[in-house]
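Protein chains: 2
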Amino acid sequence: MKTYNVAVVGATGAVGRTMLKILEERNFPVKEILPLASSRSAGHRIEFSGKAYEVKEAKPSAFEGVDIALFSAGKDISLTLAPEAVKRGAVVIDNSNAFRMEPDVPLVVPEVNPYDLKRHKGLIANPNCSTIQMVIVLKPLHERAKIKRVVVSTYQAVSGTGLEAIEELKLQAKQVLEGMNIKPEVYPHQIAFNLLPHIDAFDETGYSLEEWKMVRETKKIMGDDSIAVTATTVRVPVFNCHSESVNIETCEKITADEARAILSRAPGVVVMDDPKNKIYPMPAFLSGKDEVFVGRIREDFTVPCGLNLWIVADNLRRGAAYNAVKIAEYLVEHNLI
Amino acid sequence: MKTYNVAVVGATGAVGRTMLKILEERNFPVKEILPLASSRSAGHRIEFSGKAYEVKEAKPSAFEGVDIALFSAGKDISLTLAPEAVKRGAVVIDNSNAFRMEPDVPLVVPEVNPYDLKRHKGLIANPNCSTIQMVIVLKPLHERAKIKRVVVSTYQAVSGTGLEAIEELKLQAKQVLEGMNIKPEVYPHQIAFNLLPHIDAFDETGYSLEEWKMVRETKKIMGDDSIAVTATTVRVPVFNCHSESVNIETCEKITADEARAILSRAPGVVVMDDPKNKIYPMPAFLSGKDEVFVGRIREDFTVPCGLNLWIVADNLRRGAAYNAVKIAEYLVEHNLI
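Chains as they are written, first to last, in the UniProt record's numbering: chain A, 1 to 337; chain B, 1 to 337.
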């Protein structure tokens with residue numbers, strides 16, 4: 001079996017660590033693993049398949065001989081180094097927002113639009129976490145009934161911000177319980193026992209970039225510009241797993257029962273929908289899962305053809321690292337690398 | 001000035017305590033205060049205007065001589081005792097779900113439909129907390145542009161469940177931080193660092209009663225059955241103040257700027273909307289306020305006439321106790337008692 005030199009850029013971050021774990025779990029055909037990070041984190045040691053590796057500084061020359069580079073070190077690093085990696089012959093799967101909307105760059109969720117990988121030119125974008133889990137559920141419903149419009153409100157975990165945000169939530173929660181003063185550092189305001197309707201920067205429309213990502217990436221991944229999405233994205237005091245309240249309007253009628261049947265057969269989706277028996281997806285219990293969980297499936301009685309859905313997934317795995325590794329697997333299986 | 005004998009039923013609960021506090025703060029013309037509760041809580045002492053009162057058992061005879069009875073002790077107590085209080089000449093303002101949809105019973109938010117109080121027959125219903133804060137914001141927009149449809153997702157604080165839920169969140173948060181096991185008692189699942197898309201019981205449609213309350217009460221309070229509402233209600237690990245992500249479609253176009261101008265003039269509403277400067281309503285900072293706070297006001301570009309709104313209010317005060325006391329004040333001012 002062919003094996004590959006795999007670089008993980010941002011290897012010490014929340015997503016990077018999860019990428020390494022998933023490459024290991026899934027026995028990805030790794031020849032050499034190359035953990036890279038900023039000069040600040042270089043020198044740290046990480047484990048991979050029972051062997052210790054030193055984290056090296058991410059710089060252009062580090063990509064010599066690399067076959068696949070998984071990037072998750074922020075937009076600026078991707079903008080600078082992803083082209084350098086591609087120049088040196090690596091296929092880059094980039095988790096940042098740097099290239100997602102470039103027409104030349106496939107934006108892929110393997111369960112939704114794997115065929116877009118065929119046209120890659122060395123650079124592939126991993127979508128935003130909150131978009132990935134939504135489109136995995138929307139795709140089979142779109143194929144059946146054509147989705148016209150989506151109104152989504154998110155409940156996003158702090159792990160999406162990074163390890164330092166997980167620590168901030170822990171620290172602040174303790175401080176609130178003990179009646180101490182709080183000094184927010186990672187977020188602009190207290191996150192413990194609070195909600196921040198603020199993810200990423202705001203533009204002149206009043207929308208945040210996170211909201212625009214859901215609008216634009218959904219159209220591109222689903223390959224249908226006619227799907228209208230409006231989003232409100234909110235950070236909640238949950239450690240991991242994003243949740244979404246999603247309202248859709250379709251061209252054709254789907255009952256809740258039919259939606260459950262369709263979603264039960266959909267790749268990567270688990271229907272968890274028996275509210276009378278207190279069964280619905282909850283973020284605290286779905287960390288470590290690679291599927292997208294959907295429940296609270298109900299007809300929306302305010303429109304002729306509408307549904308409400310509650311969608312939860314592990315944003316670090318399903319919304320980032322697992323998606324990137326699945327893309328790499330697809331490239332390998334289909335000789336696209 | 002005329003003064004009144006005021007009973008507070010459920011005086012030891014989260015809403016009852018807040019009712020007593022607000023009656024005191026607002027110098028409501030109280031002749032005698034009569035704190036009532038279940039036999040379990042009878043004998044407790046509460047303070048009102050610097051004087052200690054013994055909590056008496058809520059039973060029919062307790063309402064002899066009472067002018068105004070504020071009920072907040074759950075649906076069953078209201079069903080049993082509210083008619084007994086009315087029979088004895090009291091005007092009842094009931095915070096439970098027992099009578100809200102009775103055609104004979106006015107369901108009132110004083111800033112929205114005070115005129116409905118004129119037709120009361122001794123029993124007035126206080127709407128559901130999550131509905132109150134929404135309709136206060138929607139009413140002025142409805143008057144300007146006629147709202148056709150509302151899609152709302154809520155982020156509801158544990159105080160809505162009661163004092164025991166506040167304690168459960170505190171305890172569980174501590175237990176999670178210390179790596180201890182959790183045994184949910186008030187909620188069916190862990191609430192600390194988690195989300196429960198489950199408020200009140202579910203019916204055969206898959207909707208919860210809390211969701212139906214928002215659908216039905218909005219139409220009744222706004223006096224317009226044509227307003228279509230669909231809701232997803234979610235409990236979040238926040239101590240107090242409910243938050244709501246609200247999407248509306250209107251018949252006529254309102255820009256975000258015009259919406260801000262309208263809402264700035266609306267009674268009981270505070271516009272808090274400068275996201276670039278990190279200004280938006282957040283539940284952790286709005287406890288103790290009587291206004292409804294609205295921010296993240298944006299045009300919804302997926303429909304010809306639509307807006308997204310983020311609405312936060314103190315559910316114990318604005319969503320319950322303050323609303324009830326405002327109703328009582330209106331009755332007094334307009335000789336409706």
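No residue lacks a Cβ here, since even glycine has one placed at the ideal position from N, Cα and C.
- Within chain B, no residue has its beta carbon less than 8 Å from that of Val325 (chain A); the closest one is some 27 Å off.
- In this structure, Val238 (chain B) keeps its C-beta atom at 8 Å or more from the C-beta atom of Pro184 (chain B).
- Membership of Lys148 (chain A) in the beta strand (DSSP E) is indicated by the continuous run Ile147 to Tyr155.
- Straight-line measurement puts the Cα of Cys241 (chain A) at about 27 Å from the Cα of His44 (chain A).
- Interface flag for Trp310 (chain B) against chain A is set, since a Cβ pair is found closer than 8 Å.
- Sixteen is the threshold: since fewer than 16 other Cβ atoms of the shown chains lie within 10 Å of the Cβ of Thr3 (chain A), the residue is exposed.
- In this model, Met222 (chain B) and Lys213 (chain B) are separated by some 13 Å (Cα to Cα).
- For Ile93 (chain A), the enclosing beta strand (DSSP E) starts and ends at Val91 to Asp94.
- Taking C-beta atoms as the reference points, Val294 (chain B) and Val137 (chain B) count as a pair closer than 8 Å.
- Taking the C-beta atoms as reference points, Met134 (chain A) is found nearer than 8 Å to Thr218 (chain A).
- In this structure, Ala192 (chain A) lies near Gln172 (chain A), with their beta-carbon atoms less than 8 Å apart.
- At a cut-off of 8 Å between beta-carbon atoms, Thr131 (chain B) makes no contact with chain A.
- Under the DSSP assignment, Lys220 (chain A) falls outside any beta strand (DSSP E), being part of the alpha helix (DSSP H) whose first and last residues are Leu209 to Met222.
- Bridge partners of Ala125 (chain A) according to DSSP: A:Asp94 and A:Leu107.
- In the assembly as shown, Ala125 (chain B) is a buried residue. Its beta-carbon has 16 or more other beta-carbons within 10 Å.
- In this structure, the straight-line span from the alpha carbon of Val92 (chain B) to that of Val312 (chain A) is close to 43 Å.
- Taking the Cβ atoms as the reference, Leu163 (chain A) lies roughly 5 Å from Ala14 (chain A), within the contact range of under 8 Å.
- If you look at Tyr322 (chain B), you'll find it in the alpha helix (DSSP H) that goes Tyr322 to Glu333.
- With fewer than three CB-CB distances shorter than 8 Å, the segment 5-24 of chain B does not count as touching the segment 315-327 of chain A.
- When C-beta distances to chain B are compared with 7 Å, the residues of the segment 253-277 of chain A below that value are Ala256, Pro275 and Lys276, in chain order.
- Counting only runs of 3+ residues, the beta strand (DSSP E) found wholly inside the segment 225-303 of chain A occupies 228-232, 242-250, 269-271 and 292-299, in chain order.
- At a cut-off of 8 Å between beta-carbon atoms, Gly160 (chain B) makes no contact with chain A.
- Fewer than three pairs of CB atoms, one per stretch, sit closer than 8 Å, so the segment 191-207 of chain A makes no contact with the segment 243-259 of chain A.
- Rounded to the nearest whole angstrom, the CA to CA distance from Ile199 (chain B) to Pro103 (chain A) is 44 Å.
- Here the alpha carbon of His334 (chain B) sits roughly 16 Å from the alpha carbon of Leu123 (chain B).
- With fewer than 16 other beta carbons inside 10 angstroms of its own, Ala52 (chain B) counts as exposed.
- Note that the C-beta distance between Leu336 (chain A) and Lys118 (chain A) is below 8 Å.
- Contact annotation for Asn181 (chain A) against chain B: no contact, minimum CB-CB distance about 13 Å [criterion: below 8 Å].
- For Ala201 (chain A), the secondary structure class from DSSP, reduced to helix, strand or coil, is coil.
- Annotation: the continuous beta strand (DSSP E) that includes Glu32 (chain B) extends over Val30 to Ala37.
- Across the structure, Lys139 (chain B) and Lys289 (chain B) are spaced so that their CA atoms are roughly 20 Å apart.
- Around Ile297 (chain B), the beta-carbon contacts reaching into chain A at under 8 Å are Gly206.
- Among the CB atoms of chain A, none fall inside 8 Å of the CB of Thr218 (chain B).
- Comparing C-alpha distances from Glu168 (chain A) to each of B:Leu169, B:Glu25, B:Leu177 and B:Glu168 shows the shortest one belongs to B:Leu177.
- Neighbours of Lys174 (chain B) across chain A, judged by C-beta separation under 9 Å: Ala173, Lys174 and Leu177.
- Judged by beta-carbon spacing, Val55 (chain B) lies beyond the 8 Å limit of Ala69 (chain B), meaning their Cβ atoms are not closer than that value.
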